[in-house]
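Numbering (my numbering), first residue to last: 118 to 549.
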Ligand SMILES: [Ca+2]
Ligand SMILES: [Ca+2]
C-alpha cells in the first residue's frame with residue numbers, strides 16, 4: 118500500500134515537471150562581466166537554465182555586428198536543471214595559414230566587448246523558447262597557441278626494434294605555453310580509435326612555448342627510454358594530430374601523415390629452454406685445459422616480425438680469452454660488434470664480469486633471409502622460422518678460480534636481454 122502511494126506521489130511529481138514547467142525557464146548568467154585570462158579572478162560566468170521537456174538546446178553569443186558564435190549548438194537535453202561555466206571560448210572552427218602550413222582553430226576566446234548571450238530551446242515540433250541578456254568581456258586572452266612548422270621525418274617507419282628505421286622525429290614550434298598538448302594517430306578506417314603518441318628524448322616539456330624536437334618509436338619505450346616491449350599501432354597509414362589547448366580554451370589542431378610498416382613486437386625463444394652441451398652428464402661437463410666446450414641450440418622466432426641478426430656465424434670457435442668484439446676487430450667485421458636491435462645467442466659464465474662475451478647469430482645463413490637495406494646486407498630470422506646455433510669455446514687458459522656455472526641467453530642488443538640463465542650447467546676445467 119505504502120509503495121503504491123509512493124508511486125502515485127512520484128507520478129504526480131513527474132506530471133508536474135512535464136506539464137507545468139515551460140520548455141525553458143530560470144535562465145541566469147552571472148556574473149555579467151568576466152575577464153577570461155586564467156588569472157583566477159572572474160575568469161568564468163555561470164550559465165544556469167531549466168529544461169521542462171526534451172528539447173535541443175543552443176547557447177550562443179552575438180557581437181555588436183550581429184555575428185553569432187556558438188558555445189552549444191543544438192544539443193539534446195532531457196528535462197532537468199542545468200548549469201555550465203563559460204570562460205569566453207566559442208566553437209568556431211576555422212582554417213588559418215601560419216608559417217610552415219595550415220592550422221585549424223577549433224575554439225577560441227572572443228575578444229573584449231559587449232555581447233548578447235542567448236539560451237535557446239527547440240522541441241521536436243519546432244516550438245522555440247529563448248532567453249537573452251548581456252555579458253561583457255574584459256582583458257580576454259585571445260592569443261592562440263599556434264603550432265608552426267609541424268613536421269614528421271621521415272613520414273614512414275618500421276617500429277620492430279631491429280635498429281633500422283625504428284623511429285621518426287616530430288618537430289614543431291609552439292607559440293604559447295599550454296597545459297594540454299595531445300598527439301595521437303587516427304586510422305581513417307577506424308576513426309574512433311586514437312593511438313596516443315608518446316614522445317621520447319624531448320628537449321623540453323611538450324607544452325612549453327618554443328621549438329620542439331622529439332622521437333616517436335610506436336610507443337615501445339617510455340619517455341625515459343626504458344624498453345616496454347609494447348606492441349606499436351598496427352601497420353597502416355595514419356593521420357597524426359597535434360592538439361594544443363591553453364588555459365582559457367583557445368584550441369589549435371594541426372595534422373600530418375605517418376605510415377607504419379613491418380611494425381610489431383619482436384619475440385624469440387631458445388627451443389625447449391634447452392642447450393645441448395657436448396659431453397654433459399647430470400648437469401656437469403668436464404673439459405681439460407686446452408680442449409673445447411661445445412654446444413648446440415635452436416632459436417625460434419615466435420613473434421610476428423623478422424628478427425635481425427649478425428655474425429659471428431654458427432660454427433665459430435672462441436678462445437676463452439676472446440670476445441665477439443675481439444673477433445669483430447680480428448676479422449674486420451664491424452657487424453660482429455654490438456649493433457642496436459640485433460639478436461644473438463650468447464653464452465655466459467659466473468666470473469666473467471661481462472655480459473655474454475661469446476655470441477653467435479641466431480641461425481645459419483641458410484636459416485635466414487638476406488636483405489639489402491641502405492646498401493648493407495642484413496640477415497633476418499623470419500616469423501615462425503628456427504635457426505640452428507652451434508659453437509665452441511676453447512680453454513686456452515683455465516677460467517678464473519671459482520668459475521662453475523655456464524648458461525645461455527638471447528641478447529637483443531642495446532634493447533634487452535630477452536632470455537637469460539637458460540639451461541645452466543656446471544663446467545669443470547681440469548689440468549690435462
Ligand atoms: Ca580574469
Ligand atoms: Ca625497424
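Here a beta-carbon is modelled for each residue, glycine too, at the ideal position from N, C-alpha and C. None of the values given here were measured: they were computed from a predicted structure.
DSSP has residue i in a bridge; who is on the other side?
i, result
"residue 164", "146, 201"
"residue 311", "303"
"residue 406", "In the DSSP output, where bridge partners are listed per residue, residue 406 has none listed."
"residue 208", "224"
"residue 175", "237"
"residue 544", "402"
"residue 368", "224, 362"
"residue 270", "286"
"residue 413", "393, 507"
"residue 470", "Answer by DSSP bridge pairing: none, since residue 470 is not bridged."
"residue 218", "215"
"residue 526", "463"
"residue 265", "290"
Please state the DSSP three-state secondary structure of residue i.
i, result
"residue 565", "Absent from the structure is residue 565, since the part of the chain shown begins at 118 and ends at 549."
"residue 347", "coil"
"residue 138", "coil"
"residue 278", "coil"
"residue 386", "strand"
"residue 483", "helix"
"residue 326", "coil"
"residue 321", "coil"
"residue 288", "strand"
"residue 452", "helix"
"residue 395", "coil"
"residue 499", "coil"
"residue 463", "strand"
"residue 520", "coil"
"residue 340", "coil"
"residue 421", "coil"
"residue 458", "coil"
"residue 536", "strand"
"residue 154", "coil"
"residue 378", "coil"
"residue 257", "coil"
"residue 335", "coil"
"residue 295", "coil"
"residue 169", "coil"
"residue 353", "strand"
Got a sec, what are the start and stop residues for the beta strand (DSSP E) residue i sits in?
i, result
"residue 103", "Summary: the structure shown does not reach residue 103, with the chain confined to residues 118 through 549, and so no result is reported for it."
"residue 430", "Run containing residue 430: none; DSSP gives neither H nor E here."
"residue 237", "230–239"
"residue 191", "185–194"
"residue 476", "475–478"
"residue 252", "245–254"
"residue 434", "434–436"
"residue 425", "424–426"
Please report the residue range of the alpha helix (DSSP H) in which residue i lies.
i, result
"residue 445", "441–447"
Between the C-alpha atoms of residue i and residue j, what's the straight-line distance to the nearest angstrom?
i, j, result
"residue 438", "residue 513", "7 Å"
"residue 529", "residue 382", "12 Å"
"residue 536", "residue 386", "7 Å"
"residue 416", "residue 434", "19 Å"
"residue 427", "residue 477", "8 Å"
"residue 124", "residue 141", "Low per-residue confidence applies at residue 124: pLDDT is 46, beneath 50, and the placement is therefore not dependable, though the value from the model is reported in the following sentence. Approximately 27 Å between the Cα atoms of the pair."
"residue 465", "residue 475", "7 Å"
"residue 324", "residue 196", "40 Å"
"residue 132", "residue 315", "Note that residue 132 scores a pLDDT of 46, beneath 50, so its modelled location is shaky; the value from the coordinates is reported in the next line. Answer to the nearest angstrom: the Cα atoms are 53 Å apart."
"residue 539", "residue 480", "17 Å"
"residue 342", "residue 336", "10 Å"
"residue 490", "residue 452", "14 Å"
"residue 376", "residue 354", "4 Å"
"residue 246", "residue 350", "48 Å"
"residue 177", "residue 185", "7 Å"
"residue 457", "residue 192", "54 Å"
"residue 135", "residue 235", "Low local confidence applies: a pLDDT of 48 at residue 135 is under 50, so the model's placement there is unreliable, with the coordinate-based value given in what follows. If I take the Cα positions, the gap works out to 23 Å."
"residue 545", "residue 521", "7 Å"
"residue 128", "residue 148", "For residue 128, the pLDDT reaches just 44, beneath the cut-off of 50, and the residue's location in the model is therefore unreliable, although a value from the coordinates is still provided. So the two alpha carbons sit approximately 37 Å from each other."
"residue 297", "residue 367", "11 Å"
"residue 183", "residue 248", "16 Å"
"residue 449", "residue 511", "21 Å"
"residue 468", "residue 543", "13 Å"
"residue 344", "residue 307", "28 Å"
"residue 338", "residue 352", "18 Å"
"residue 525", "residue 312", "37 Å"
My understanding is that residue i touches residue j, with C-beta atoms under 8 Å, so please give their C-beta distance in whole angstroms.
i, j, result
"residue 394", "residue 406", "Wrong, their Cβ atoms sit about 18 Å apart, outside the cutoff."
"residue 146", "residue 168", "The pair is not a contact, with the Cβ atoms about 16 Å apart (cut-off 8 Å)."
"residue 208", "residue 187", "6 Å"
"residue 226", "residue 206", "5 Å"
"residue 255", "residue 152", "5 Å"
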